[in-house]
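Have a look at the structure below, then the notes.
2 protein chains.
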Amino acid sequence: MSDAKIRLHVDHPLGHGQAVPLSEAQSHYLTGVMRLAPGAAILLFNGRDGEWRATLTTAGKRGAIATCDTQTRPLHLPPDLWLLFAPIKKARTDFIVEKAVELGARRILPVQTRHTNADRIRQDRLQAHAMEAAEQCGATYLPEVAELVALEKLMSQWPADRRLYWCDETTLDQPARLTPAEGPAAILIGPEGGFSADEAKRLRALPIVTPLSLGPRILRADTAAVAALTLWQASCGDWT
Amino acid sequence: MSDAKIRLHVDHPLGHGQAVPLSEAQSHYLTGVMRLAPGAAILLFNGRDGEWRATLTTAGKRGAIATCDTQTRPLHLPPDLWLLFAPIKKARTDFIVEKAVELGARRILPVQTRHTNADRIRQDRLQAHAMEAAEQCGATYLPEVAELVALEKLMSQWPADRRLYWCDETTLDQPARLTPAEGPAAILIGPEGGFSADEAKRLRALPIVTPLSLGPRILRADTAAVAALTLWQASCGDWT
Numbered sequence: 001m002s003d004a005k006i007r008l009h010v011d012h013p014l015g016h017g018q019a020v021p022l023s024e025a026q027s028h029y030l031t032g033v034m035r036l037a038p039g040a041a042i043l044l045f046n047g048r049d050g051e052w053r054a055t056l057t058t059a060g061k062r063g064a065i066a067t068c069d070t071q072t073r074p075l076h077l078p079p080d081l082w083l084l085f086a087p088i089k090k091a092r093t094d095f096i097v098e099k100a101v102e103l104g105a106r107r108i109l110p111v112q113t114r115h116t117n118a119d120r121i122r123q124d125r126l127q128a129h130a131m132e133a134a135e136q137c138g139a140t141y142l143p144e145v146a147e148l149v150a151l152e153k154l155m156s157q158w159p160a161d162r163r164l165y166w167c168d169e170t171t172l173d174q175p176a177r178l179t180p181a182e183g184p185a186a187i188l189i190g191p192e193g194g195f196s197a198d199e200a201k202r203l204r205a206l207p208i209v210t211p212l213s214l215g216p217r218i219l220r221a222d223t224a225a226v227a228a229l230t231l232w233q234a235s236c237g238d239w240t
Numbered sequence: 001m002s003d004a005k006i007r008l009h010v011d012h013p014l015g016h017g018q019a020v021p022l023s024e025a026q027s028h029y030l031t032g033v034m035r036l037a038p039g040a041a042i043l044l045f046n047g048r049d050g051e052w053r054a055t056l057t058t059a060g061k062r063g064a065i066a067t068c069d070t071q072t073r074p075l076h077l078p079p080d081l082w083l084l085f086a087p088i089k090k091a092r093t094d095f096i097v098e099k100a101v102e103l104g105a106r107r108i109l110p111v112q113t114r115h116t117n118a119d120r121i122r123q124d125r126l127q128a129h130a131m132e133a134a135e136q137c138g139a140t141y142l143p144e145v146a147e148l149v150a151l152e153k154l155m156s157q158w159p160a161d162r163r164l165y166w167c168d169e170t171t172l173d174q175p176a177r178l179t180p181a182e183g184p185a186a187i188l189i190g191p192e193g194g195f196s197a198d199e200a201k202r203l204r205a206l207p208i209v210t211p212l213s214l215g216p217r218i219l220r221a222d223t224a225a226v227a228a229l230t231l232w233q234a235s236c237g238d239w240t
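Chains X and C are the protein sequences, given in the same order. Residue numbers for the first sequence, in the UniProt record's numbering: 1 to 240. Residue numbers for the second sequence, in the UniProt record's numbering: 1 to 240.
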């Protein structure tokens, strides 16, 4: 356990003695909001070099600089798992992104389905939200939030080796259990209105698709996302 | 699938031909907000008699009455699982209650621990929130939200036959897997600051306690609640 409480994601190499310039927002947060002075310890990660304890060497609301001391944790990449979901209301979409980071998805893909209400997303806002979640949950890696893509387009280019677990609310009679499996994977959560008949037909026809049932009650999309990520991590991922 | 879209929880017997007076809030919602007229179909459940299709026989913003036609689903009680959690910020506490209902906890117990910030809760507000969640998720049962109780008191009276799964963030090295087990169970989620040393010692000493690990990242309390409920339902509950 380090004495440093604040963890920040940076896009800069980290290593012994490395000086790391912090962004304007981070500088403001550290020195303006948290009132840290030179000599204070923070933690940095960049998704490549693990987590480092760093000392604030230059304070200032604009151009703070921290210098790396020691590596506190090695890089821990989450398993090769994608989460595909149809964006819903703002608060619940934010929630899904936050939970996907905590639960160790490597890539987050908002998808547009027939019954998706949103026809665009604020990718930059969701990516910033993912960064905050990674800073909070102790991850040493930052999942990428992709731009909104049509489910149809995604399916037409689907990689043959990436198993797709499809949370199909019409298969309530199947047990909610995942067979341990290796290799790349993805979870698909539908919109509140479910998938269209065409979409369901197309998904059912793909050999790499496995339907996944999530119990006898109707789950909201955000609950389904957390539940499916949990089942996958506990059976196939890094919770085993 | 019924033609009725709106599901309401009532505290009144349901049965063929039974007239059910609706509360003022429900009457206002049906006739004032949703503009339903006599003859419209709704669904009712009371936690005892399953789900019934009912016809609005008397409209009116105050004293609407619906008359039961046919049972659309039998009563499905969730497994005998309690969720114990330390209340956190309002939005996340609401979220935990909503998710516990969707994921099929039978009883929801807010507990006060050494590091819990809240020293009281609005039990009536949380119970109303649970009711809305039950109406939404198609449950035929409404879990009870208990009053806030001290963890110490709860532990001193803990039923000897109710296995307690303790989400202990210090046991990250254990696999996140539950052995299928029968009988009453409970899940305990700690506050953001974790359990105190005394609390952890006491929990570890109880023979009926099983520590449960939820992977290598730090989960927020709300994420941990959903993840633990999911693992339990998929291994021991009604998702199997």
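All C-beta atoms, glycine included, are put in the ideal place defined by N, C-alpha and C.
Counting only the Cα atoms, I121/X lies some 10 Å from Q112/X.
Using a CB distance below 8 Å, the part of the region 204-224 of chain X facing chain C consists of S213, L214, G215, P216, R217, I218, L219, R220, T223, ordered along the chain.
Of all residues in the region 119-150 of chain X, those with a C-beta nearer than 8 Å to a C-beta of chain C are Q136, C137, G138, A139, reading in chain order.
Annotation for R202/C: no beta strand (DSSP E) segment contains it, though the alpha helix (DSSP H) segment containing it runs 197-205. Distance from the CA of A4/X to the CA of A64/X, rounded to the nearest whole angstrom, comes to 16 Å.
Going by beta carbons, L83/X and L109/X fall inside the 8 Å limit. DSSP, reduced to helix, strand and coil, places I187/C within a strand of the structure shown. Neighbours of D94/C across chain X, judged by C-beta separation under 9 Å, do not exist; the nearest C-beta is about 11 Å away. Contact check for T223/C against E135/X fails: the beta carbons are separated by 8 Å or more.
A Cβ-Cβ contact shorter than 8 Å links V97/X with V145/X. For H9/C, the enclosing beta strand (DSSP E) covers residues 7-9. Residue range 81-85 is occupied by the beta strand (DSSP E) that includes L83/X. Under DSSP, W52/C takes part in a beta bridge, and its partners are L44/C, Q71/C. Close to K99/X, with beta-carbon spacing below 7 Å, are these residues of chain C in chain order: T223. Put simply, of H9/X, R204/X, W166/X, Q71/X the residue whose alpha carbon is nearest the alpha carbon of G47/X is H9/X. G50/X and G39/X have their C-alpha atoms roughly 22 Å apart. Counting of Cβ neighbours within 10 angstroms places H129/C among the buried residues, the total reaching 16 or more. According to DSSP, residue pairing for A66/C in a beta bridge involves V20/C, L56/C.
Separation of Q26/X and P79/C (C-alpha to C-alpha, rounded to the nearest whole angstrom) is 47 Å. Distances from the alpha-carbon of C167/C to those of A133/C, R73/C, I189/C, L36/C put I189/C closest. In terms of CA proximity to D94/C, M131/C leads the group A66/C, M131/C, K61/C.
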